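One structure is given here, and the rest of the page talks about it.
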Amino acid sequence: MSASDTLPTLTASSVLRLSREGGVAHFPGLARPRRIECRQCSAAQRSELQQLLEAVTRACMSEVSPSGVDRRLMLLSVEEADGKVIWTRQIAEDAAPEALLRWWREAGAEQD
1 MSASDTLPTL TASSVLRLSR EGGVAHFPGL ARPRRIECRQ CSAAQRSELQ
51 QLLEAVTRAC MSEVSPSGVD RRLMLLSVEE ADGKVIWTRQ IAEDAAPEAL
101 LRWWREAGAE QD
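The opening position of the sequence shown corresponds to residue 1 in full-length UniProt numbering, with each subsequent residue numbered one higher.
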């Protein structure tokens, strides 16, 4: 992994990218990556996102990885303003915090 294993603190210039991979059925609209630009978020929203990324980090440490073609994964990355990826994680969608899935859905609705 080229990005750091250390979760960065989200700042106003951070960009969180969320995408889905896998599963039996592929729907291009659902697979499209979502971008959450932290400059458009309040301090409270950035704090919520930070807590969700911390929860993902903890879940990734303890997650047992069952395999299967129907398993859907969430791919997360934090980028700097220049687009440089500084942190990445992959988590099974069923192990991801529900609030993170809500952010993913809402970011998709804004980009439609």
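Heads up, the beta-carbon is just placed ideally off N, CA and C, and yes, glycines get one too. Please read all numbers here as calculations on a predicted model, not as lab measurements.
- Burial of Ser14 is indicated by the presence of at least 16 other C-beta atoms within 10 angstroms of its C-beta.
- Annotated three-state conformation of Thr57 is helix, per DSSP.
- Here the C-alpha atom of Thr57 lies approximately 22 angstroms from the C-alpha atom of Gly83.
- Annotation for Gly108: Arg34 place their beta carbon closer than 6 angstroms to its own, counting only its chain and skipping 5 residues before and after.
- The beta carbons of Cys41 and Thr11 sit no closer together than 8 angstroms.
- For Leu18, the enclosing beta strand (DSSP E) begins and ends at Val15 to Gly22.
- Inter-residue distance for Glu48 and Gly22 is about 27 angstroms (C-alpha atoms, whole angstroms).
- Listed in chain order, the non-local C-beta contacts of Ile91 below 8 angstroms within the same chain comprise Val56, Ala59, Cys60, Glu63, Leu73, Met74 and Leu76, local neighbours out to five positions each way being set aside.
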